[in-house]
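J.:
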Amino acid sequence: MVAPAALRVVRCGGSALHGARAVFSLAGGRRAPSDPAGPSRPSSLCRFLLCASGDFVKMYSVATEELVRLLRGHSDLVTGVQLAPHNHLQLYSCSLDGTIKLWDFTDGILIKTFTIGYKLLALYALPTSEDSVFVIIPKRGERDTFQLASVKLTKAAGQDTEAKEVSVVLEGVDVSPKCTAFGRECEYVASVKGTNLQVYFFKRKQLNRFSLRAKTAKGGNNVFTCVACHPQEDCIATGHADGKIRLWRNFNHKKEYTYSTLHWHHDRVMDLAFSAEGTSLLSGGVESVLVQWHSGSDCKKDFLPRLGSAIEYVSISSDSTFCCTSHTDNRITIINSNLRFSKTIQGLIKAREVKTGLVVDPRTKALVLNGEPGHLQFYCLQTDRQLYSLDIVQQEYIHQAGLNQSDLVRVAFSAQGKWLATVEERKETDLELQLKLWFFDEKTQSFKLNTRISMPHEDRITAMCFRDTDELEDDSLMLVTAGRDCVFKVWVILEDTDPEAQQSLSWSCDFVGSYHNYQATNCCFSEDGSLLAVSFGETVTVWDSSTWDLKCTFCHPPGKIRNICFGRLTCSKYLIGATDHGFLCCWNLLSCALEWSAHLNIIVLQPDPLSEHIAAVSWLLKESSLFVFKPSEPRPICIQRKLCKEKIQFAAFVPRDVPETIGSEKYLWLRRSQLFFLTDRQELMTVSTKPLEERLTLSSKQLAVEESLPVTAFSLLLGKHRHQQSQGSVDFGKVIHHHHEQDSPAVKELLHTPAHVLPSASFLCPIFINSLLISKENKSAEEVPDEVEMESEEAEDDSDEENNVTETKQEDTVPIESLGETTYKLSKSEEKELRKIRKVDYSWISVF
Amino acid sequence: QAIPGHQARSVEALCWAAGERLFGAGLSGDITEYDLERLRPARAVDGFGGPIWSMAANNDGTRLAIGCEDGSVKLFQVVPGSVQFEKNLDRRKGRVLCLSWHPSGTHLAAGSIDFLRVLDVRSGRTTQRIMVNYHVPKPRKHECVVWSIAFLSSGTIVSSDSFGRVQFWDWERGTLQDSHTVSTSAALSLAVSEEEDSIVVGTSTGATYQLQLLPVKVGSQEKRWVRTKPFQHHTHDVRAVVHTPMALISGGLDAQLVIRPLMEKVQKKSYEAVLRKFILPHRRLVSCARKARLLLFQFSQHLELWRLGSTNKTGKDGEVLPVSRMPEHLLQLKSKGPEHIYCSCVSPCGSWIAYSTASRFHLYRVQHEGDSISVKKVPGVPKLLLPAYQLQCSSDSGRLFIGSDRGSVHVVQLLEPGGCKHLHTLRPPAGTREAVYLLAASADGSWLAAVSGDWEVHVYSLKHFKHHCTVPTYSCAVTALAIHPATNNLVIAYSDQQIFEFSIPEKQYTAWSRMVQNRGLHRLWLERDSPITHIAFNPKNASQILLHDIYMFCVLDKSLPLPDNNTLLVNQSTLKQLSEPARQRQLHAFKICKKFQPLLFADLLDERCLVTVERPALDISAELPPPVQQKKFGT
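Chains L and F, in that order, give the protein sequences.
Quick note on numbering: full-length UniProt numbering labels position 774 of the first sequence as 774, and the sequence is numbered without any gaps.
Quick note on numbering: full-length UniProt numbering labels position 306 of the second sequence as 306, and the sequence is numbered without any gaps.
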């Protein structure tokens with residue numbers, strides 16, 4: 001185990017998928033060598049969609065829309081991904097951290113890192129220039145001026161090389177990668193900025209500039225927004241802010257250039273893409289309609305409407321069989337060549353404003369926050385995908401500026417996730433409020449509306465919480481809402497005695513509390529549910545939840561209370577409060593006295609549900625700092641200053657599936673749960689102790705350990721079985737062992753693999769039957785290989801703390817967890833045997 | 001200049017052949033040659049094929065081909081003084097709507113409904129017949145009219161049809177090479193540039209499109225026709241287009257002629273590079289009886305006489321005064337026969353009306369008796385007067401001047417009560433073949449200026465009925481002229497917007513005119529499109545000249561300094577905001593008012609009254625057949 005380095009802020013999943021144009025890998029990507037399947041496999045199965053997402057490059061399967069691989073290694077936003085022109089199994093990616101990395105994306109290996117030393121804002125890899133790529137870099141010494149430069153990528157051996165041969169090609173280009181495009185056979189490059197188009201011919205070294213008037217007489221707006229070049233002809237397509245598309249021809253003449261206009265979009269053309277043959281042109285804009293123009297004619301066009309949200313990028317695979325559109329709501333839509341909607345990959349939806357905060361669904365451990373307008377999205381952090389979106393407001397959302405529509409403002413889950421409470425509000429002339437209570441229906445596996453309470457408070461609801469008690473008894477369940485109308489209300493479940501009523505349970509108000517006519521701002525239950533803390537202005541009041549007596553009050557004048565929370569586990573006698581006057585206070589509930597206080601401008605206070613740690617984020621001097629402390633000790637356990645430059649809005653502790661092994665005492669609080677936080681630019685971040693380099697080496701090591709990397713679900717399945725066959729009875733035992741855990745991998749695979757990629761039933765049958773048999777063999781002997789595997793898995797687990805890359809690993813971790821605590825002594829002969837098996841398995845690697 | 005029309009002869013095709021000879025053909029079935037000097041049809045030859053829909057002359061202008069209603073294509077030879085029937089080419093059913101010669105003159109392409117065909121001129125046979133109505137969406141599978149056709153030297157035939165397509169055909173194989181749907185409605189007209197690398201197409205939506213032959217790749221031989229620029233200058237059908245090396249010229253049903261220069265061909269930004277629009281006509285169609293306050297409007301088939309309304313109130317600038325007496329329609333005078341009225345005039349006292357068609361001259365005596373009005377035709381009009389190109393009454397209503405052909409002006413004495421007598425015929429000393437098209441008489445009745453088609457301005461003395469002098473010739477057409485009532489200076493406006501003042505008694509340009517020529521006029525003034533159509537003078541202030549064209553009315557004050565190119569030409573609105581001393585400094589000779597909708601006529605009635613006649617463009621388009629409806633976004 002490498003000694004953990006300092007805490008790092010990592011962009012975790014949920015980053016924008018539309019950081020750059022996505023690329024399709026070529027058809028017939030290399031399959032795993034252990035894959036026995038012949039070439040009869042449909043080509044689309046081997047296709048991947050590679051897109052930049054935060055610091056990573058994500059690889060999705062085009063056929064199943066599954067995240068296949070995550071390419072990690074950049075330390076800042078990835079700004080461009082491009083297939084290597086001479087080896088379509090390799091990928092270039094560039095990032096703001098100033099490096100270009102070359103990946104073997106099918107295996108997830110980082111082949112090379114080229115350090116450029118500039119912030120790289122876009123990347124273009126061309127088939128004609130073998131050893132150089134084009135990047136957009138900021139101009140030295142000038143702000144907001146960017147230039148297109150070509151970078152020579154040396155072929156020197158070694159993983160890390162410095163590429164210092166940077167030669168500027170074009171000055172004054174736009175930052176956006178959409179605003180520069182390379183033409184037919186890379187003879188020229190076209191770049192647009194403002195109302196200027198410049199075309200540079202590489203061979204003749206001739207630069208032609210064309211400019212348009214900013215405004216036309218008819219009110220058009222001629223500002224360029226994007227550019228694309230015809231792959232076969234000398235034709236440049238440019239998109240404009242008024243929705244026009246111009247097709248430029250004859251631009252090798254300074255004067256006799258000419259253009260024709262295509263006009264359908266009513267607003268800004270966001271992106272353009274030519275098909276591989278150049279016969280059709282795709283364009284997208286805020287109308288969320290993909291338009292296909294045929295042969296540059298204004299009259300022949302096809303549409304794919306209702307794509308959901310504004311199109312940010314359009315890209316086409318190199319054989320035009322697929323195209324994809326990246327949308328502003330963090331979604332990628334894969335579209336067939338005949339303009340049929342095929343697949344969609346949904347990332348974390350960026351809501352216009354996250355009002356609900358970050359809430360963790362106790363049932364799925366998913367992050368819950370505002371999604372589409374009026375919807376609640378459930379986002380799984382482990383698989384980095386949206387689980388589902390729950391329509392809360394249940395009203396048609398009308399896209400119109402200045403229209404006030406209902407929006408979701410508060411969300412709370414009961415402890416086991418059985419109940420969900422939501423608050424929506426609409427501010428017209430007077431406020432409309434609705435409190436909705438949702439019951440999780442086990443049958444339909446979704447939330448069902450149980451009670452709707454309109455105007456639960458006279459004014460805005462500021463906080464809402466459930467009492468965290470055993471939910472077996474519905475009677476003890478309790479919901480508290482605090483409102484600006486100076487009261488807090490307690491809601492309980494009533495059993496309806498009327499037999500004709502459709503549902504037997506409903507919620508109603510049980511108690512209304514107030515304190516000196518101050519606005520209630522926060523509420524919080526203690527861990528055992530016996531005490532309720534409600535903050536009113538400058539005062540925190542503590543109430544007995546059974547009798548609703550005011551027990552005691554705390555205050556720290558003159559600051560108003562911003563956040564409160566109870567300590568947990570051993571620290572449950574403490575109440576923590578943060579004031580907007582810049583103080584963090586800890587009160588002892590037993591002595592009713594201030595235990596300690598610290599001068600900190602805390603904006604987020606988040607207790608860890610699984611430990612006594614509390615995370616607090618302060619905002620000072622335009623920097624966010626993280627403090628983690630136990631209420632019992634005034635000294636924080638961990639201080640991370642300058643966590644990030646953006647203001648952190650919300651934070652949440654998400655329980656880990658597997659407790660992580662943390663070397664340092666300082667970061668022990670990260671063992672059981674992971675801290676996520678959302679900045680005001682709606683970027684989801686997490687903290688990690690793993691250094692960057694470690695991840696890299698391990699990810700390549702991981703390749704060596706795993707024989708067959710799952711290229712697709714199909715090859716994963718087949719490859720695994722092949723592997724099992726080679727291991728013979730050893731694996732057989734493993735299967736049986738798993739059966740004891742009640743989830744046999746064979747059955748699981750059978751059920752989880754799409755039917756159309758399953759091998760023949762005759763192949764699957766023996767495995768399936770075997771999996772049902774109960775083994776009576778000696779377990780300790782059988783579990784030996786498992787343990788070996790476990791070691792590797794553990795290493796792999798360290799390498800990526802966010803999630804497991806493939807399903808197999810997830811399955812495997814289940815037994816390992818139980819095994820990890822007991823140690824088995826292996827006899828020497830057994831060890832030898834095992835090594836032999838390993839050697840046999842490694843042999844194929846040399847083939848690569 | 002205009003050639004007066006004829007009701008029975010609508011012109012469907014025009015072409016220049018054999019140098020400067022203009023031929024027209026129309027639905028009357030005749031080929032008509034026009035006499036450009038006397039501005040009338042010179043001779044007509046019957047095509048014997050029913051109405052003629054199209055006509056084309058070959059490259060050297062020796063042969064004319066006509067396409068007739070019955071589907072025949074006939075060849076005519078252009079011989080000096082006439083056209084001669086040469087031969088009939090192969091006849092197929094279906095009217096021939098368009099014709100185009102191959103540049104070598106060996107083949108003809110003819111377009112009709114649903115098909116086009118190629119005819120061998122020598123043998124007269126149809127060598128290729130191409131159906132054009134394929135590849136049409138099912139519900140629109142009705143007839144496909146080939147509206148226009150062009151035969152390129154490479155053997156490609158370009159056709160534009162009623163489905164809005166421009167199609168390129170290989171004539172030898174009869175195959176479609178390329179098809180561009182430029183419009184959802186019909187593509188009506190087509191013109192090819194001389195280098196055959198650019199085509200302009202006019203459509204029935206009023207848009208014109210340019211197609212260009214461009215190389216697919218730099219340096220490669222492969223070229224392709226690409227639709228490039230759309231131009232929307234018209235509101236109605238674009239019926240005719242011409243492609244000159246420098247510009248695209250289009251004319252349509254909305255009575256506008258638009259010259260759109262091709263920017264890439266223009267070397268530098270100059271007057272040439274400006275888009276120009278012409279709204280016809282540039283002739284005077286309104287005449288005014290100043291004393292009687294009558295206006296005479298000339299229409300193509302009739303005349304209307306109106307009495308002006310009046311007001312008894314006064315108001316400030318910008319106010320609309322209430323009318324105390326409504327304008328009154330007095331009289332409508334219908335011309336007899338199918339010919340159109342060419343010119344008309346009303347005498348200042350309002351009791352004489354004269355008009356002329358291509359073949360007849362009519363003079364009427366109008367008698368006002370209180371509110372009733374009676375019209376009597378004046379008998380005994382001299383026969384020698386034909387035809388009249390311009391009519392003008394002297395200011396005392398005693399004489400009528402008739403501009404006629406060969407530069408002659410007839411002077412007719414109008415006798416009370418209702419008679420006339422031919423006094424004299426004035427002729428230029430050198431003699432000319434061109435007709436007189438503008439006349440101006442002086443207020444004192446002693447001078448008459450006449451402009452003939454060769455743009456020579458002759459001044460005659462009416463006292464002695466003899467030629468007085470000739471204004472030095474200028475290389476532009478005269479658009480308006482008038483003689484100053486006090487100084488007898490002749491003010492001449494030319495089509496290049498230059499203004500000259502010529503002193504008749506001194507037979508030379510005045511000092512002011514020389515000064516204007518030395519200083520030069522304002523750049524914006526010279527770049528205006530529409531010519532000055534009328535000149536009048538302010539009787540109160542001798543130095544003020546009143547000019548107008550279609551878009552503006554201008555008071556030219558000779559006493560004020562001329563503006564130079566740096567000052568604002570149209571400065572009336574800015575002047576209003578300035579203080580009095582500052583205004584004095586900013587004043588210059590041109591006082592321009594642009595608030596008019598297309599201005600047809602403006603004249604001073606008396607020293608305090610100005611009458612203007614507007615012809616709003618909207619009114620013109622409202623009378624036209626509705627254009628093809630086009631959906632605009634958001635409506």
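Cβ atoms here follow ideal geometry from the backbone N, Cα and C, with glycine treated the same way.
Note that this is a predicted model, so its numbers are computed, not measured.
Assuming contact is defined by CB atoms lying nearer than 8 angstroms, are residue 182 of chain L and residue 189 of chain L in contact in what I supplied?
T.: yes
J.: Can you find a CB in chain L that lies within less than 8 angstroms of the CB of residue 269 of chain F?
T.: Low confidence applies here, because residue 269 of chain F scores a pLDDT of 49, under 50, leaving its location unreliable and the question unanswered by this model.
J.: Report all residues from its chain with a CB closer than 8 angstroms to the CB of residue 476 of chain F; omit the five preceding and five following residues, and keep chain order.
T.: 455, 494, 495, 496, 498
J.: Under 8 angstroms: do the region 353 to 363 of chain L and the region 322 to 333 of chain L share three or more Cβ pairs, one atom per stretch?
T.: no
J.: Three Cβ pairs or more, each shorter than 8 angstroms: is that satisfied between the region 267 to 275 of chain L and the region 229 to 244 of chain L?
T.: yes
J.: Taking the alpha-carbon positions, what's the residue 586 of chain F to residue 575 of chain F distance?
T.: When only Cα atoms are considered, residue 586 of chain F and residue 575 of chain F end up about 7 angstroms apart.
J.: Check residue 795 of chain L in the structure and name its three-state DSSP category.
T.: In this prediction, residue 795 of chain L has a pLDDT of 41, which is less than 50 and means its spatial position is unreliable; nothing more can be read from the coordinates.
J.: Where does residue 432 of chain L sit, in a helix, a strand or coil, going by DSSP?
T.: strand
J.: Interface residues of chain L around residue 260 of chain F at Cβ under 9 angstroms?
T.: Chain L residues near residue 260 of chain F: none, gap ~14 angstroms exceeds 9 angstroms.
J.: List the residues that DSSP assigns as beta-bridge partners of residue 315 of chain L.
T.: L:324
J.: At a Cβ threshold of 8 angstroms, is residue 299 of chain L touching chain F?
T.: Yes, residue 299 of chain L counts as interfacial toward chain F.
J.: Please identify, using Cβ separations under 7 angstroms, the residues of the region 243 to 254 of chain L that lie next to chain F, in order along the chain.
T.: 249, 250, 252
J.: Residue ranges of each beta strand (DSSP E) run of no fewer than 3 residues wholly in the region 456 to 543 of chain F, ordered along the chain?
T.: Within the region 456 to 543 of chain F, the complete beta strand (DSSP E) segments of 3 residues or longer fall at 457 to 461, 466 to 471, 478 to 483, 489 to 494, 499 to 503, 534 to 537, listed in chain order.
J.: In whole angstroms, what is the alpha-carbon distance linking residue 116 of chain F and residue 204 of chain F?
T.: 21 angstroms
J.: Kindly give me the distance between the Cβ atoms of residue 668 of chain L and residue 616 of chain L, rounded to whole angstroms, as I take these residues to be in contact under 8 angstroms.
T.: About 17 angstroms separates the two Cβ atoms, so there is no contact after all.
J.: At a CB-CB cut-off below 8 angstroms, which residues of chain L make contact with residue 228 of chain F?
T.: 249, 258, 259, 260
J.: For residue 190 of chain F and chain L, any beta-carbon pair shorter than 8 angstroms?
T.: Output row for residue 190 of chain F: interface = no.
J.: Helix, strand or coil for residue 588 of chain L, going by three-state DSSP, please let me know.
T.: strand
J.: Would you say residue 184 of chain F lies against chain L (beta-carbon separation less than 8 angstroms)?
T.: yes
J.: Can you tell which of L:537, L:629, L:248 has its C-alpha closest to the C-alpha of residue 638 of chain L?
T.: L:629
J.: Give the residues from the region 164 to 180 of chain F that approach chain L closer than 8 angstroms (Cβ to any Cβ), ordered along the chain.
T.: 164, 180
J.: Using a Cβ cut-off of 7 angstroms, which residues of the region 229 to 242 of chain L contact any Cβ in chain F, in chain order?
T.: 233, 234
J.: Kindly list the residues whose CB is nearer than 8 angstroms to the CB of residue 124 of chain F, restricted to its own chain and excluding five residues on each side of it in sequence; keep chain order.
T.: 87, 88, 89, 90
J.: Does the Cβ of residue 312 of chain F have 16 or more other Cβ atoms within 10 Å, making it buried, or fewer, making it exposed?
T.: exposed
J.: Look at the alpha carbon of residue 616 of chain F and the alpha carbon of residue 451 of chain F, and state the distance between them as a whole number of angstroms.
T.: The alpha-carbon atoms of residue 616 of chain F and residue 451 of chain F are separated by roughly 30 angstroms.
J.: Could you tell me whether the region 593 to 610 of chain F touches the region 549 to 558 of chain F, using the rule of 3 or more Cβ pairs below 8 angstroms?
T.: yes
J.: Give a yes or no on whether the minimum CB-CB distance between residue 217 of chain F and chain L is below 8 angstroms.
T.: yes
J.: Looking at the C-beta of residue 635 of chain F, does it have a partner C-beta in chain L at a distance below 8 angstroms?
T.: Because the pLDDT at residue 635 of chain F is just 38, under 50, the model does not fix this residue reliably, and the value given afterwards should be weighed accordingly. At a cut-off of 8 angstroms, the C-beta of residue 635 of chain F has no neighbouring C-beta in chain L.
J.: With C-beta atoms as the reference, is residue 175 of chain L less than 8 angstroms away from residue 121 of chain L?
T.: Going by C-beta atoms, residue 175 of chain L is nearer than 8 angstroms to residue 121 of chain L.
J.: Name, in chain order, the residues that DSSP records as bridge partners for residue 196 of chain L.
T.: L:193, L:211
J.: Comparing C-alpha positions only, which one of F:529, F:81, F:474 sits nearest to residue 259 of chain F?
T.: F:529
J.: Return the first residue and the last residue of the beta strand (DSSP E) that residue 424 of chain L is part of.
T.: Residue 424 of chain L -> beta strand (DSSP E) spans 419 to 427.
J.: Which runs of the beta strand (DSSP E) spanning at least 3 residues fall entirely within the region 92 to 125 of chain L, listed in chain order?
T.: 99 to 104, 109 to 115, 122 to 125
J.: May I ask you to verify whether the region 67 to 75 of chain F touches the region 153 to 167 of chain F, counting CB pairs closer than 8 angstroms and requiring at least 3?
T.: no
J.: Pull up the CB-CB distance for residue 330 of chain F and residue 306 of chain F, whole angstroms please, since I reckon it's below 8 angstroms.
T.: 6 angstroms
J.: For the region 601 to 615 of chain L and the region 638 to 656 of chain L, state whether three or more C-beta atom pairs, one from each stretch, are separated by less than 8 angstroms.
T.: yes
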